[in-house]
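Novice: Residues in the sequence shown are numbered consecutively from 2, following the numbering used here.
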Amino acid sequence: MSFLQGIAASSGIAIAKAYRLVEPDLSFSKKTVEDADNEVGRFQQALATSKSELEAIREKAEKDLGADKAAIFDAHLLVLSDPELISPIEDKIKTEKVNAEQALKETADMFVSMFEQMDNEYMKERAADIRDVTKRVLSHLLGVQVVNPSMIAEEVIIIAEDLTPSDTAQLNRQFVKGFTTDIGGRTSHSAIMARSMEIPAVVGTKTATEEIQNGDMVIVDGLTGQVHVNPTPEAIESYKEQNAAFEAQKAEWAKLVNEKTVSADGHHVELAANIGTPKDLKGVINNGGEAVGLYRTEFLYMGRDQLPTEEEQFEAYKAVLEGMEGKPVVVRTLDIGGDKELPYLNLPKEMNPFLGFRAIRLCLEEQDIFRTQLRALLRASSYGNLKIMFPMIATLDEFRQGKAILEEEKQKLSSEGVKTADKIELGIMVEIPSTAVLADQFAKEVDFFSIGTNDLIQYTMAADRMNERVSYLYQPYNPAILRLVKMVIDAAHKEGKWAGMCGEMAGDETAIPLLLGLGLDEFSMSATSILKARSQILRLSTEEMKELAEKALQMGTAEEVVAAVKQATQK
2 MSFLQGIAAS SGIAIAKAYR LVEPDLSFSK KTVEDADNEV GRFQQALATS KSELEAIREK
62 AEKDLGADKA AIFDAHLLVL SDPELISPIE DKIKTEKVNA EQALKETADM FVSMFEQMDN
122 EYMKERAADI RDVTKRVLSH LLGVQVVNPS MIAEEVIIIA EDLTPSDTAQ LNRQFVKGFT
182 TDIGGRTSHS AIMARSMEIP AVVGTKTATE EIQNGDMVIV DGLTGQVHVN PTPEAIESYK
242 EQNAAFEAQK AEWAKLVNEK TVSADGHHVE LAANIGTPKD LKGVINNGGE AVGLYRTEFL
302 YMGRDQLPTE EEQFEAYKAV LEGMEGKPVV VRTLDIGGDK ELPYLNLPKE MNPFLGFRAI
362 RLCLEEQDIF RTQLRALLRA SSYGNLKIMF PMIATLDEFR QGKAILEEEK QKLSSEGVKT
422 ADKIELGIMV EIPSTAVLAD QFAKEVDFFS IGTNDLIQYT MAADRMNERV SYLYQPYNPA
482 ILRLVKMVID AAHKEGKWAG MCGEMAGDET AIPLLLGLGL DEFSMSATSI LKARSQILRL
542 STEEMKELAE KALQMGTAEE VVAAVKQATQ K
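Below, the structure is given as structure tokens:
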């Protein structure tokens, strides 16, 4: 029996035989070809086959996981259709008379190298997309069968160096009980998708593929990040008991589906869900969501070759509002940019897109796009409890401009005889430190705040959360972050407004006691986290958590804060 320690990426315990997703042998030799046109045709056939496969994978992902997760494959399909990649390969075959495999490898390697050298995480992710896609094309050129996770027909645990988005989307939940990888973190694509699929996962073990062979018995503990290889019968029995306890715990949480979220001393907070499409509503309702705290509307715009029409948007917003039956639905206006691109807008490439022309900045300049969305939202508002928020607001002027455009569109609809809700709360996402610092002024004009901690943390700490070398600086519990959160909440309450949070931190077991103590009104998280969070809050005293939060604000490090939370909550 051996033991590996990794990062707990998706909760749960899995016990099954190992199934190694190993790289196929894609080696080949450079050859001179006589018939270049025939070789180009062979390349085009491999492209077409790859496209068909990816479209099928995308369709399965959308059906099983929702459009937001399936959108990952849109980037892969775009690579296969990108003339800047395809044309040089075909030109190389024709001019240098080389085989398609060589032309593909040389061209792809050039682009991968170029993107990896850029000091920009988004472009580095594009390098990974090119690698994933060209490997698929190369396998078809060579006639090599790439391992297909969707064909697994017995209970297994996947062992891999990493899982590409296309690998993860093909996992059959009936047979794939868990997975473990050498690399990755909690924010990697595979980890996020594992949580959506509720498959236990441990990532970042470094040596899983070296130490685990096909058929080895494996235990993946997604609660602690431990992986046991060929465990003793006693260890297996112990983990079966732990798994039974975990399943029983989930069953207990499920009993809270129709309960209000009230602390031990009677303080009510709202537990909401983050969604990407109307299909996600089922998960919200099944997990007892009291609201939708973040509707990411950008997924309506992604995975297509043109902007969605006003009517298409209206139908999507109406479906969510009606589905929530009068419960609040906070819709974020278009948040494109950073790691979310719309190729059909032909926006210029930026050195640092996360700090560039995105979100509200794009909408205020491209007003036709913005006005169409606002009209659709206003038309849908009479079908439920709509709240609108603008993303990435940095200045009061940006908020005022956005509000003025919203009012103009509301007046136009009124003059056209179109009914809209009498009162629609208008708020902002607080994800830029300057906005948090100036929250007392914003609170006089907005109806609510929703704190987007994913960006707020990386902007405050000047550390890209996707960059492994500086990932230690992604610190949700750092007292600097807690002080900014407190400033926002206090500013809202002073003006009689409410403050929510829609970043990963809102569903974090360590952060929840602190946020409760800081006075957060609404916690918005992935739907699968709601019942666990509700159970936790039911056991916490708001007054005691206030004392904890006050102490944490005076501490110097995130480690001190974590220790204080453990001490206060494990009585």
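Positions of the beta carbon are idealized from the N, C-alpha and C atoms, including for glycine.
Could you tell me whether the Cβ atoms of I153 and F176 are closer together than 8 Å?
Specialist: Yes, Cβ-Cβ distance for I153 and F176 is below 8 Å.
Novice: Tell me, please, which residues DSSP counts as bridged to T33.
Specialist: Answer by DSSP bridge pairing, in chain order: V99.
Novice: Touching or not, the region 540-554 and the region 523-532, by the rule of three or more beta carbon pairs under 8 Å?
Specialist: Verdict: no, contact absent.
Novice: Output the residue ranges of the beta strand (DSSP E) runs that lie fully inside the region 3-86 and measure 3 residues or longer, sorted by chain position.
Specialist: Counting whole runs of 3 or more residues, the region 3-86 contains the beta strand (DSSP E) stretches 3-6, 8-11 and 14-21.
Novice: How do the region 509-516 and the region 557-572 stand: do at least 3 beta-carbon pairs fall below 8 Å, yes or no?
Specialist: A contact exists between the region 509-516 and the region 557-572.
Novice: Counting Cβ pairs, one atom from each stretch, are 3 or more of them under 8 Å apart for the region 230-243 and the region 38-54?
Specialist: The region 230-243, when compared against the region 38-54, does not touch it at the 8 Å Cβ threshold.
Novice: Pull up the CB-CB distance for A292 and K328, whole angstroms please, since I reckon it's below 8 Å.
Specialist: Going by Cβ atoms, the distance from A292 to K328 rounds to 5 Å, so yes, they are a contact pair.
Novice: In terms of residue numbering, what span does the alpha helix (DSSP H) encompassing D398 cover?
Specialist: Note, D398: alpha helix (DSSP H), L397 to S416.
Novice: So for Y473, helix, strand or coil by DSSP?
Specialist: The answer is helix: DSSP assigns Y473 an H, G or I state.
Novice: Closest to Y77 by C-alpha separation, out of Q103, I482, D168 and K95, would be which residue?
Specialist: Checking the sequence shown, residue 77 turns out to be His, not Tyr. Among Q103, I482, D168 and K95, the Cα nearest to that of H77 is on D168.
Novice: For E107 and L86, what's the separation of their Cα atoms in angstroms?
Specialist: Roughly 11 Å separates the two Cα atoms.
Novice: Does P329 come out as helix, strand or coil in the three-state DSSP assignment?
Specialist: Of the three classes helix, strand and coil, the one that applies to P329 here is strand, per DSSP.
Novice: Secondary structure at M393, three-state DSSP: helix, strand or coil?
Specialist: DSSP places M393 in coil when its eight states are reduced to three.
Novice: Thinking C-alpha only, which one of L272, F247, K93 and A68 is nearest R297?
Specialist: Comparing Cα-Cα distances from R297 to each of L272, F247, K93 and A68, the minimum goes to A68.
Novice: Does DSSP classify F176 as helix, strand or coil?
Specialist: Note: F176 maps to coil in three-state DSSP.
Novice: Below 6 Å CB to CB, which residues in the same chain sit around I213 once its five sequence neighbours on both sides are set aside?
Specialist: A19, I160 and V230.
Novice: Locate the alpha helix (DSSP H) running through G284, then write down its first and last residues.
Specialist: Looking at the DSSP string, the run of the alpha helix (DSSP H) that includes G284 is L282 to N287.
Novice: Am I right that R372 and L414 are in contact with their C-beta atoms under 8 Å? What's the rounded C-beta distance?
Specialist: In fact, because the Cβ distance is near 11 Å, the residues do not count as touching under 8 Å.
Novice: Round the Cβ separation of K404 and L379 to the nearest angstrom and send it over; I've been treating them as touching at under 8 Å.
Specialist: Actually they are not in contact, since the Cβ atoms of K404 and L379 sit about 13 Å apart, beyond 8 Å.
Novice: If you check the beta carbons only, do I433 and Y460 fall under 8 Å apart?
Specialist: Closer than 8 Å, so yes.
Novice: If the criterion is Cβ atoms closer than 8 Å, does the pair S12 and P150 meet it?
Specialist: No, these two residues do not count as a Cβ contact at 8 Å.
Novice: Report the partner residues of W499 according to the DSSP bridge assignment.
Specialist: Beta-bridge pairing links W499 to F449.
Novice: Going by C-alpha distance, which of V134, K31 and D26 is nearest K52?
Specialist: The shortest C-alpha separation from K52 is found at V134.
Novice: Output the boundary residues of the beta strand (DSSP E) element that contains L521.
Specialist: From DSSP, L521 is part of no beta strand (DSSP E); its letter is neither H nor E.
Novice: Would you kindly work out how many angstroms separate the C-alpha atoms of S30 and M115, rounded to a whole number?
Specialist: Cα to Cα, S30 sits roughly 24 Å from M115.
Novice: Report back the beta-carbon spacing between V331 and M390 to the nearest angstrom; my notes put them in contact at under 8 Å.
Specialist: 6 Å between Cβ atoms; contact.
Novice: Between the Cα of I370 and the Cα atoms of M325, Y302 and M526, which residue gives the shortest distance?
Specialist: Of the listed residues, the one whose Cα sits closest to I370 is Y302.
Novice: Drop a sphere of 10 angstroms on the beta-carbon of D26, count the other beta-carbons inside from all chains shown, and report buried for 16 or more, exposed for fewer.
Specialist: By the 10 Å Cβ count, D26 comes out exposed.
Novice: Looking at V486 and the ligand ATP, is the gap between the Cβ and the nearest heavy atom below 7 Å?
Specialist: Only the bare structure without any ligand can be found here, which leaves the ligand ATP out of the picture.
Novice: Taking 8 Å as the threshold (C-beta atoms), are D456 and A492 in contact?
Specialist: Contact flag unset, no.
Novice: By Cβ distance, which residues of its chain are closer than 6 Å to A559, with the 5 residues on each side in sequence left out?
Specialist: These residues qualify, in order along the chain: Q476, Y478 and N479.
Novice: Would you tell me roughly how many angstroms separate the C-alpha atoms of M430 and A49, rounded to the nearest one?
Specialist: Using only the alpha carbons, I get a separation of about 42 Å.
Novice: Let me know the secondary structure DSSP gives H268 once reduced to three states.
Specialist: In this structure, H268 counts as coil in the three-state DSSP scheme.
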